[in-house]
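Reading through the structure tokens given below for one structure.
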Amino acid sequence: MTFALTFLMCQPKYFEVTYVINPWMALHPNGICREDALREWQNLYESVSKRAVVSLVDPQPGLPDMTFTANAGLIVDDKVVLSRFRHTERQGEEQHFHEWFLNNRYEVYQTPVGLSFEGAGDALLDRKESFLWMGWGYRSALAAHLHLSNYLDMEVLPLRLIDERFYHLDTCFCPLTDGYLLYYPAAFDEPTRRLIAQRVPRNKRIVVSEEDAVYFACNAVNIDDLVILNRVGDKLRNQLQEAGFEVIETGMTEFIKAGGGTKCLTLRLNEPLLVDTRALEPAVSTIALSY
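The numbering of the sequence shown is this note's numbering, which starts it at 2 and goes up by one.
Have a look at this one:
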């Protein structure tokens with residue numbers, strides 16, 4: 002295992018939109034421009050490489066969405082919880098990611114058969130406290146949070162997604178360095194919005210408008226004080242800069258046609274388990290029982 006900040010990416014050699022498993026794909030029946038997609042991916046690769054090490058997993062024919070490596074699994078220290086994809090179109094990716102993690106000496110955990118969980122697309126570590134946010138409602142099952150909590154021995158806060166455009170948590174919610182949060186509140190139900198407000202101080206919450214959200218502003222790669230995203234409006238850019246973040250826009254036009262942005266195309270491989278500085282009552286059971 003390496004201690005350098007490392008991300009996993011997958012070249013979009015076979016990337017295309019040939020099926021519909023989210024609303025974005027339904028809007029683009031004519032597919033994507035492969036040449037533009039390769040250029041966009043390369044620009045992102047170069048931006049990330051300036052601040053971190055980038056490892057690559059080989060793309061596979063017939064698996065066009067494998068380029069979205071954020072969905073490969075959830076990583077904490079040297080453990081990975083492998084994804085179990087809800088849709089059959091993506092289930093073929095599982096064996097290839099499994100092999101890659103084993104070859105790179107990760108301890109691999111698999112959720113039970115039939116229990117959908119889509120990795121770091123739906124499970125995001127807080128950047129200040131030692132707990133995990135987990136989205137559910139479209140791709141990952143609510144019950145998956147219990148398995149994550151038991152395996153990782155940490156608090157897991159399930160967040161219910163209610164807007165099908167934001168089918169993964171990382172499309173509308175991005176924990177940032179020093180406890181900041183970039184998020185689109187309307188993507189969540191009211192109990193979830195209250196939970197977020199309880200756990201993240203008002204001065205750390207950066208609210209994203211619908212206009213920015215649909216351009217995947219929340220689907221951002223955060224490396225220390227750097228935020229890399231598809232596109233951002235002036236107001237949101239100013240908010241991020243006032244919070245101390247440098248913002249880089251790198252167009253993701255072709256990948257948005259498939260429902261993904263910069264974060265979807267990267268998987269952070271060495272997530273540290275932070276030391277919790279607060280004495281908190283476990284929130285797993287109480288939140289789950291509210292639904």
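Glycine residues also receive a C-beta, built at the ideal position from the N, C-alpha and C atoms.
Just so we're clear, the structure is a prediction, and the values are computed from it rather than from any experiment.
At what residues does the alpha helix (DSSP H) containing Ala188 begin and finish? Here Ala188 belongs to no alpha helix (DSSP H), and DSSP marks it neither H nor E.
In chain order, what are the residue ranges of uninterrupted alpha helix (DSSP H) at least 4 long that sit wholly in the region 92–175? Correct list: 94–104 and 145–153.
Report the rounded CA-to-CA distance for Phe16 versus Ala27, giving the unit in angstroms. 16 Å
Nearest-angstrom Cβ-Cβ length linking Phe69 and Gly261, presumed shorter than 8 Å: That pair is a contact at about 5 Å.
Nearest CA to the CA of Val233: which residue from Phe189, Gly180 and Tyr184? Comparing Cα-Cα distances from Val233 to each of Phe189, Gly180 and Tyr184, the minimum goes to Tyr184.
Are Arg52 and Leu227 close, meaning C-beta to C-beta below 8 Å? Taking 8 Å as the Cβ cut-off, Arg52 and Leu227 qualify as a contacting pair.
To the nearest angstrom, report how far apart Asp235 and Ala221 are at their CA atoms. 16 Å
Take the Cβ of Ile33 as the centre, count every other Cβ of all protein chains shown within 10 Å, and call the residue buried at 16 or more, exposed below. buried
Name, in chain order, the residues that DSSP records as bridge partners for Met253. Answer is none; Met253 lacks a bridge partner.
Could you tell me the alpha carbon to alpha carbon distance between Asn151 and Met10, rounded to whole angstroms? 28 Å
Quick one, are the C-beta atoms of Leu116 and Gly138 less than 8 Å apart? no
Boundaries of the alpha helix (DSSP H) in which Arg40 is found, first to last residue: Arg35 to Ser50
Rounding to the nearest angstrom, what Cα-Cα distance links Ser84 and Arg238 in this structure? 33 Å
Where does Thr193 sit, in a helix, a strand or coil, going by DSSP? helix
Tell whether a beta-carbon distance below 8 Å holds between Gly136 and Leu160. yes
Give me the Cα-Cα distance between Ala214 and Val248, rounded to the nearest whole angstrom. 16 Å
Status (buried if at least 16 other CB within 10 Å, exposed otherwise) for Thr19: exposed
First and last residue of the alpha helix (DSSP H) that includes Asn239? Asp235 to Glu243
For the ligand FAD, is there a heavy atom less than 7 Å away from the beta-carbon of Pro176? Summarising the ligand content, the structure contains no ligands, and the ligand FAD is consequently not present.
Let me know the secondary structure DSSP gives Glu90 once reduced to three states. Reduced to three states, the DSSP call for Glu90 is helix.
First and last residue of the alpha helix (DSSP H) that includes Met67? That residue, Met67, is in no alpha helix (DSSP H); it is neither H nor E in DSSP.
Exposure of Pro13, with buried meaning 16 or more beta-carbon neighbours within 10 Å: buried
What are the partner residues of Ile76, as DSSP defines its beta bridges? Val81
Assuming Arg35 and Arg87 are in contact, meaning their beta carbons sit under 8 Å apart, how far apart are those beta carbons, in whole angstroms? Going by Cβ atoms, the distance from Arg35 to Arg87 rounds to 26 Å, so no, they are not a contact pair.
Label Val54 either buried or exposed according to how many other C-beta atoms from any shown protein chain fall within 10 Å of its C-beta, with 16 as the threshold for buried. exposed
What is the DSSP secondary structure of Asn271, counted as helix, strand or coil? coil
Would you tell me roughly how many angstroms separate the C-alpha atoms of Ser48 and Pro202, rounded to the nearest one? Going from the Cα of Ser48 to the Cα of Pro202 covers about 30 Å.
Given a cut-off of 8 Å, decide if Asp37 and Ala259 are closer than it, judged by their beta-carbon atoms. no
Candidates Pro30, Val109 and Thr7, of which the one nearest Tyr46 by Cα: Thr7
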